[in-house]
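Undergrad: To start, I am sharing the structure in question, which I have written as structure tokens.
Here you go:
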């Protein structure tokens, strides 16, 4: 008797007696062995961030807790020790970054939305370890957060105004979102193939022009318009029907909102295999049916089950007849998404399918509020308990947010939906939480249908099987790593076996004699060097190259440009829902160009922020308050308004460092600096002189907010400034700002005709200009671990003089339950909250996930 399915244990030897090494079964076995070795020796990481709120306003803090886990069993990771968390504005620029020290797979920090210029819209927070970048940009954590304009009336958070994406003149580095047709219909054959003469399940997804799911009904018709199959959506625009393709052409007619739409159905292949997977009928096994048509030759194929990038099970199938049915055990599969792959002896995927396994092993977090309602400023007490599913107490750490529930933006995802589902698939899912509401037949079927439609696989099959090599560019970081190379000045030829000295100085130190850290190393055969430190904050770093004791005029290039490209937004993601409101409302229309209320305190914070990034935070001194009696307009107020209305801001020394690390040489040429910073600048030659244009017209260069005369000498004065003397540059396209600093003899029409923008150049005061590095010396900076701030909770045992409109009332990234699983927290209410919105999330070192969200 010949058995069509042969199962193997993962613990058995991979040697097969009596087989020629070139036979198909040996080749399949080698791929399986490589898969097993890959999953053992190349683990992968995931990151999840829990935020204190679901929407923000200008000036708010974004607080977050980071969980870094292994991608298999979701245990807290021990691989990487450094996490990068970046805040990107709607245009795709990284406007803030936190470098966080990972301890026990966790860390936390915050961003402040006070950068100037500010514009509202959907901001992106993304988080990753450098090791994760080996597996593609899609492996990193990314979340879109709505950030609204500051309410015109303080505390009026019903106001949710923001600029429409792409409006205005701010730089846009992201690819433009794709807009579909009014009705879009995509088909997904189960397993990936439609084969002529074989009945198989055909899933579909219907969406509108923004990518939102829509409900449709339709028919499949032949060339004579005769109806062959009828179908309708089942959940969130998705559905499925059984279809047998042939050689004929098929049309799909769909009805939506009283109108009909026509689509072509993809033709069936003349040969091939189909795979039907039944993951719903039996709680302990997966039913698999492989079929081929009579034109397809049989043979031995491999079947593997992968979860979290790890090989969980496998078998080999000898397909002699046109159909083979068998079952595979799923009791050992971890919670989450698994991938079933059918492959041939060349390592090529023939069919694959995603399934979901649900284990009842999550933690149970309960909350008890002391009273049904609290008065303004009253002390609030809440009790939390953490237990496992057997009601045993669990002592653990969890992150906790308590918000004012009034006008809260809805959030339909959490740590459970993200780690188990969304991090494993690609595409927009409107309500991931739906699939975890309850474990009944309806929800299981909807989730199974979702996985038939989602076409992305997190894990790289060809690299895992050894068909293609995987180059690990980054290893898990164990601290603050500095990597670089020494190359020749002009041709950038690597310089091996040269000495590199590194001096780290606290900001404000003047020379190497005061260095807090000194290290020397020799470049390798490729001219590379590296070192690891454990420092906090931003440090001045001086690197010097010598060869046989003599300084050499070589270039030092540091590997710091690893930040991924900004992802493309989807229109469906850029929507705002109010919690408890089922009606969808898109609130990203462009608002009038009104200036925000002038706030000198906010200006001071933003100004200090720019100084800190330039390395002068220790030189900031607050003067005692003075009274100035004058009608003159405040210079600080002018500067604040100029920054506020600008479309772009650049920290010049950081930009220069990035240009150098990109291997480019610009000398002391401000034109090259501007071209590298902003794609809207370009140069032209007029005679023997080089001029620079911005959006096809001349920019008005304004130095330290002084007027620029409309003369050759006055206009070109900016070329005389050394780049090291420039602290920051703002680009402002506001006509009123250009008129303010243009030659007073010019009319506003003249200014609008000649100039495209004002380039506001801010320079360092005399005595504070950084000194250029000597021959073979590079002066730069080292970004150590970011200093972590603590959430401020006010004490209202004495009532405040002004109303309190805090939206996040309590945030604690590390609430610790006691040995009985209990913990009590206390905080003061704001001036009007009557409904608390509570969110608690955790994951234990063993990978047990806990979520609490009150309704």
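In the working numbering, the protein residues as written are 1 to 855. For glycine and all other residues, C-beta sits at the position ideal for the given N, C-alpha and C. All of these numbers come straight from a predicted model, not from anything done at the bench.
Check the DSSP bridge columns for residue 366 and list the partner residues they point to.
TA: Answer is 385, bridged to residue 366.
Undergrad: Which first and last residues belong to the beta strand (DSSP E) in which residue 482 is found?
TA: Looking at the DSSP string, the run of the beta strand (DSSP E) that includes residue 482 is 480-487.
Undergrad: If you compare alpha carbons, which of 300, 817, 93, 829 is closest to residue 850?
TA: For residue 850, the nearest C-alpha among the options comes from 817.
Undergrad: Residues in its own chain within less than 6 Å of residue 831 by CB, not counting five upstream and five downstream?
TA: So the list reads 376, 803, 804, once near-sequence residues are dropped.
Undergrad: Under a three-way DSSP split, which group does residue 708 fall into?
TA: It is coil, neither helix nor strand.
Undergrad: Just to confirm, are residue 350 and residue 269 a CB contact at a threshold of 7 Å?
TA: Going by C-beta atoms, residue 350 is not nearer than 7 Å to residue 269.
Undergrad: So, with DSSP's three-state summary, where would you put residue 695?
TA: It is coil, neither helix nor strand.
Undergrad: Is residue 289 helix, strand or coil when you go by DSSP?
TA: In this structure, residue 289 counts as strand in the three-state DSSP scheme.
Undergrad: If you follow the beta strand (DSSP E) that residue 329 is in, where does it begin and where does it stop?
TA: That run of the beta strand (DSSP E) goes 323-329.
Undergrad: Compute the Euclidean distance between the alpha carbons of residue 568 and residue 87, then round it to the nearest angstrom.
TA: For residue 568 and residue 87, the distance between alpha carbons rounds to 15 Å.
Undergrad: Leaving aside the five residues before and after residue 180 along the sequence, list all residues of the same chain whose C-beta is less than 8 Å from its C-beta, in chain order.
TA: Within the same chain, residue 180 has close Cβ partners 207, 208, 209, 210, 211.
Undergrad: Across which residues does DSSP place residue 782 in a beta bridge pair?
TA: For residue 782, which the question treats as bridged, DSSP gives the partners 539.
Undergrad: Quick check on DSSP: helix, strand or coil for residue 739?
TA: Here residue 739 sits in helix by DSSP.
Undergrad: Would you mind stating whether residue 523 and residue 487 have Cβ atoms separated by less than 7 Å?
TA: Cβ distance not < 7 Å, so residue 523 and residue 487 don't count as in contact.
Undergrad: Going by DSSP in three states, residue 332 sits in which element: helix, strand or coil?
TA: Residue state, collapsed to three classes: coil.
Undergrad: Thinking C-alpha only, which one of 758, 749, 677 is nearest residue 860?
TA: A query on residue 860 cannot be resolved here, the shown segment of the chain reaching from 1 to 855 and no further.
Undergrad: Got a sec, what are the start and stop residues for the beta strand (DSSP E) residue 751 sits in?
TA: Segment 748-754 is the alpha helix (DSSP H) holding residue 751; no beta strand (DSSP E) there.
Undergrad: Between which residues of its own chain and residue 469 is the CB-CB distance below 8 Å, once the five residues before and five after are set aside?
TA: Hits under 8 Å: 463.
Undergrad: What are the start and end residues of the alpha helix (DSSP H) that includes residue 774?
TA: No alpha helix (DSSP H) holds residue 774; DSSP gives it neither H nor E.
Undergrad: Tell me the rounded alpha-carbon separation between residue 783 and residue 392.
TA: For residue 783 and residue 392, the distance between alpha carbons rounds to 44 Å.
Undergrad: Which residues in the same chain have their Cβ closer than 8 Å to the Cβ of residue 483, if we skip the five residues on either side of it in sequence?
TA: The answer, listed in chain order, is 528, 529, 530, 558, 559.
Undergrad: When the distance is taken between beta carbons, is residue 439 closer than 7 Å to residue 359?
TA: Not a contact, by the Cβ cut-off of 7 Å.
Undergrad: Have a look at 243, 198, 213 and flag the residue whose alpha-carbon is nearest the alpha-carbon of residue 219.
TA: It is 243 whose Cα lies nearest to the Cα of residue 219.
Undergrad: In chain order, what residues of the same chain have a beta carbon less than 8 Å from the beta carbon of residue 336, not counting five sequence neighbours either side?
TA: Once the five neighbours on either side are set aside, the close Cβ partners of residue 336 are 74, 307, 308, 356, 357, 419, 420, 421, 424.
Undergrad: Do you know offhand how far residue 658's Cα is from residue 466's?
TA: Those two C-alpha atoms are separated by around 36 Å.
Undergrad: Take residue 126 as the anchor and find which of 144, 120, 115, 112 has the nearest alpha-carbon.
TA: Answer by Cα proximity: 144.
Undergrad: Residue 766 and residue 169 - do their beta-carbons sit closer together than 7 Å?
TA: Not closer than 7 Å, so no.
Undergrad: Give me whichever residues DSSP pairs with residue 240 in a beta bridge.
TA: Paired residues: 203.
Undergrad: Measuring straight from C-alpha to C-alpha, what distance separates residue 177 and residue 648?
TA: Each residue's Cα considered, the two are about 21 Å apart.
Undergrad: Is the stretch 364-371 in contact with the stretch 783-799, if contact means three or more CB pairs nearer than 8 Å?
TA: Because the criterion of three Cβ pairs below 8 Å is not met, the stretch 364-371 and the stretch 783-799 do not touch.
Undergrad: According to DSSP, what are the bridge partners of residue 305?
TA: Paired residues: 313, 340.
Undergrad: Enumerated in chain order, which unbroken segments of the beta strand (DSSP E) with a length of 3 residues or greater are wholly contained in the stretch 74-145?
TA: Taking only runs of at least 3 residues, the beta strand (DSSP E) segments lying wholly in the stretch 74-145 are 82-88, 94-101, 106-112, 121-128.
Undergrad: Rounded to whole angstroms, what's the CA-CA distance from residue 749 to residue 573? Just pull it up for me.
TA: Spanning the two alpha carbons is a distance of roughly 41 Å.
Undergrad: Could you tell me the distance, in whole angstroms, from the CA atom of residue 271 to the CA atom of residue 319?
TA: Distance between the alpha carbons of residue 271 and residue 319 is about 14 Å.
Undergrad: Would residue 329 and residue 281 qualify as a contact pair, given that the criterion is a beta-carbon distance under 7 Å?
TA: In this structure, residue 281 does not lie closer than 7 Å to residue 329 by Cβ.
Undergrad: Near residue 601, what residues of its chain come up, given a Cβ to Cβ distance below 7 Å and the 5 sequence neighbours on each side ignored?
TA: Reliability of the predicted coordinates at residue 601 is poor, the pLDDT of 41 falling under 50, and no value is obtained from them.
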